[in-house]
Amino acid sequence: MKVCSECGSQVSDQYTTCPNCGSMNLTVQNNIQPQMSAYQQPVYNQPIQNQNGNIGWGILGFFIPIAGLVMYLVWKDTNPADSLIAGKGALISVIVSMGLCILYIAFIVLMFVISLVPLIFNFM
Ligand SMILES: [Zn+2]
């Protein structure tokens, strides 16, 4: 896609002169044009917007991972966007609770070690 420097109209690549005003100052717009359409399309295009899924299902999946997993399996084919976000919510929830579990175990171990310190000093 080219853009006419004189009148600003979009010109197809096969043209060497602008069909609108006859100018030969055509600039190749490979970079700017796709970026602009990429920004504009999600706003107007409903199906693309839906690909992000409803964040509510992600939050529900986070708090109730089982529900998130069920939603993921049920919607996998019919509603991939919501299925994915519910699955992600459940996955994040599992990772966070595993992280908390590890922190909890580390805390218990730390407390145990600290409680042993006076005993070690008594032996010295
Ligand atoms: Zn022109």
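Counting along the sequence shown from 1, when you hit position 100 you're at 100 in the working numbering, and nothing is skipped either side.
Beta carbons: idealized from backbone N, C-alpha and C, even for Gly.
Only residues of its own chain outside the window of five on either side were considered, and among them Ile85, Ala86, Lys88, Gly89 have a CB closer than 7 Å to the CB of Gly58, listed in chain order.
In the DSSP assignment, Cys18 falls outside any beta strand (DSSP E) and carries neither an H nor an E.
Here the residues close to ligand 1, judged by CB distance below 6 Å to any of its heavy atoms, are Cys4, Glu6, Cys7, Ser9, Cys18, Asn20, Cys21, Ser23 in chain order. The closest CA to that of Ile95, considering only Met1, Gly61, Val11, Val74, is found on Gly61. As the crow flies, the alpha-carbon of Thr27 is around 41 Å from that of Asn54. By the C-beta density criterion, Gly68 is buried, having at least 16 other C-beta atoms within 10 angstroms. Per DSSP, the beta bridge partners of Leu26 are Cys4. Residue pairing from DSSP places Val11 in a beta bridge opposite Lys2. The Cβ neighbour count for Pro65, taken over all protein chains shown within 10 Å, is at least 16; the residue is labelled buried. Restricting attention to beta strand (DSSP E) runs no shorter than 3 residues, the region 54-90 encloses none. CA-to-CA, the gap between Val117 and Gly99 works out to about 27 Å.
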